[in-house]
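Its first residue numbered 189, the sequence shown is counted upward by one per residue in the numbering used here. Beta carbons are placed, not taken as given, at the ideal position from N, Cα and C, and that holds for glycine.
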Amino acid sequence: MDLGIKGRWAVVCAASKGLGKGCALALAREGVNLAINARDVDTLAATAAELRLLGVEVREVAGDISQPDVRAALVAACPQVDILVNNAGGPPPGDFRDWEREDWLRALELNMLTPIELIKATIDGMAERGFGRIVNITSGSVKAPIATLGLSNGARSGLTGFVAGVARQPQIAGNNVTLNGLLPGSFDTDRLRSGFHRAATLSGRDEGELVDAGKQEIPAGRFGSAEEFGAFCAFLCSAHAGYLTGQNLLLDGGAYPGTY
Ligand code: NAP
């Protein structure tokens, strides 16, 4: 299926590894030009080189996406932003009793206010041109909060509520601009693996056993891949997905037990 987005420009945040990279690769395969970001310059350059092999233009902006100058440079790197994939590292797990105000402000800054600022910087241009796709990578914890991920539950729920209102504004939805949340369950990335490593270290249990047990909790019996996550994201960004907006779509191999 031709997704109908060849030649468009996308900003993909936090895209040197994992889910963000999966989205960038899938968009590049569709002929979408990219501005990508992450903090580590060398990893970002290596990913940019991989993407260029697919024949698209790729511009790199290294830095922490929660910094205003980094966001401004990322948007300025594109002639226009047709597609925006918001992503960042997730907040650390822990006990809410241990978190200070500064911990909350960091989580809100990175996982709520940063995507909101990027939406604000790009959405009116999308509406004027009659095409825009905004995908926010959040977490399955938006639908089924995880007790140890309170910072993530809170910040991502705030973003989700904000986006639900914007997506339904007639000047946005009526001009072929969509906003949706993509909610990953367990995907086989460095972040997931480091979580198992930490759990094994803290509990003294075998890491391989913990990984196997984690897979068994998922009806699909496996973790997702960044590649399949990216393919779904590319469809959401496609010309064919203009009637799909204001939704929060779980990709979790059936892990969420509810019907709705
Ligand atoms: P990952 O494999 O660790 O990759 C994270 C990417 O984000 C890297 O490219 C990293 O590069 C970049 N990054 C991190 N912090 C950044 C920052 N402040 N500014 C710019 N770039 C930044 O993680 P992932 O598994 O793809 O996770 C992506 C998001 O999905 C996270 O928010 C995570 O919480 C969420 N999520 C993931 C899963 C899962 O199963 N994987 C499940 C639920 C939610 P640098 O370190 O060089 O900056």
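Environment of residue i [buried if 16+ CB atoms lie within 10 Å]
{"i": "residue 303", "result": "buried"}
{"i": "residue 284", "result": "exposed"}
{"i": "residue 344", "result": "buried"}
{"i": "residue 212", "result": "buried"}
{"i": "residue 286", "result": "exposed"}
{"i": "residue 311", "result": "buried"}
{"i": "residue 370", "result": "buried"}
{"i": "residue 240", "result": "exposed"}
{"i": "residue 410", "result": "exposed"}
{"i": "residue 308", "result": "exposed"}
{"i": "residue 440", "result": "buried"}
{"i": "residue 334", "result": "exposed"}
{"i": "residue 393", "result": "exposed"}
{"i": "residue 259", "result": "buried"}
{"i": "residue 391", "result": "exposed"}
{"i": "residue 234", "result": "exposed"}
Residue i CB to nearest heavy atom of ligand 1 below 7 Å
{"i": "residue 372", "result": "yes"}
{"i": "residue 204", "result": "yes"}
{"i": "residue 345", "result": "no"}
{"i": "residue 201", "result": "yes"}
{"i": "residue 296", "result": "no"}
{"i": "residue 275", "result": "yes"}
{"i": "residue 352", "result": "no"}
{"i": "residue 380", "result": "yes"}
{"i": "residue 348", "result": "no"}
{"i": "residue 410", "result": "no"}
{"i": "residue 336", "result": "no"}
{"i": "residue 226", "result": "yes"}
{"i": "residue 418", "result": "no"}
{"i": "residue 391", "result": "no"}
{"i": "residue 270", "result": "no"}
{"i": "residue 398", "result": "no"}
{"i": "residue 134", "result": "Any question about residue 134 goes unanswered here, given that the chain covers just 189 to 448."}
{"i": "residue 394", "result": "no"}
{"i": "residue 325", "result": "yes"}
{"i": "residue 207", "result": "yes"}
{"i": "residue 253", "result": "yes"}
{"i": "residue 384", "result": "no"}
{"i": "residue 369", "result": "no"}
{"i": "residue 278", "result": "yes"}
{"i": "residue 402", "result": "no"}
{"i": "residue 328", "result": "yes"}
{"i": "residue 375", "result": "yes"}
{"i": "residue 454", "result": "Since the first residue of the chain shown is 189 and the last is 448, residue 454 is not available in this structure."}
Residues bridged to residue i [DSSP beta-bridge criterion]
{"i": "residue 321", "result": "271 and 366"}
{"i": "residue 224", "result": "200 and 248"}
{"i": "residue 375", "result": "412"}
{"i": "residue 436", "result": "369"}
Spatially closest choice to residue i from the options, by CA coordinates
{"i": "residue 194", "options": "403, 422 and 309", "result": "422"}
{"i": "residue 228", "options": "218, 217, 201 and 215", "result": "201"}
{"i": "residue 405", "options": "335, 241 and 445", "result": "445"}
{"i": "residue 352", "options": "220, 341 and 366", "result": "366"}
{"i": "residue 190", "options": "394, 418 and 218", "result": "218"}
{"i": "residue 249", "options": "199, 289, 271 and 207", "result": "199"}
{"i": "residue 275", "options": "231, 291, 256 and 225", "result": "225"}
{"i": "residue 380", "options": "270, 281, 331 and 354", "result": "281"}
{"i": "residue 182", "options": "412, 297 and 205", "result": "This structure gives no information on residue 182, because the portion of the chain shown stretches from 189 to 448."}
{"i": "residue 264", "options": "289, 223 and 324", "result": "223"}
{"i": "residue 374", "options": "322, 391, 401 and 257", "result": "401"}
{"i": "residue 215", "options": "262, 271, 247 and 230", "result": "271"}
query: Of all the alpha helix (DSSP H) runs that stay within the bounds of the segment 333 to 368, which reach a length of 4 or more residues?
result: 338 to 355 and 358 to 361
Minimum length 4: unbroken alpha helix (DSSP H) runs contained in the segment 277 to 330: 289 to 296 and 302 to 317
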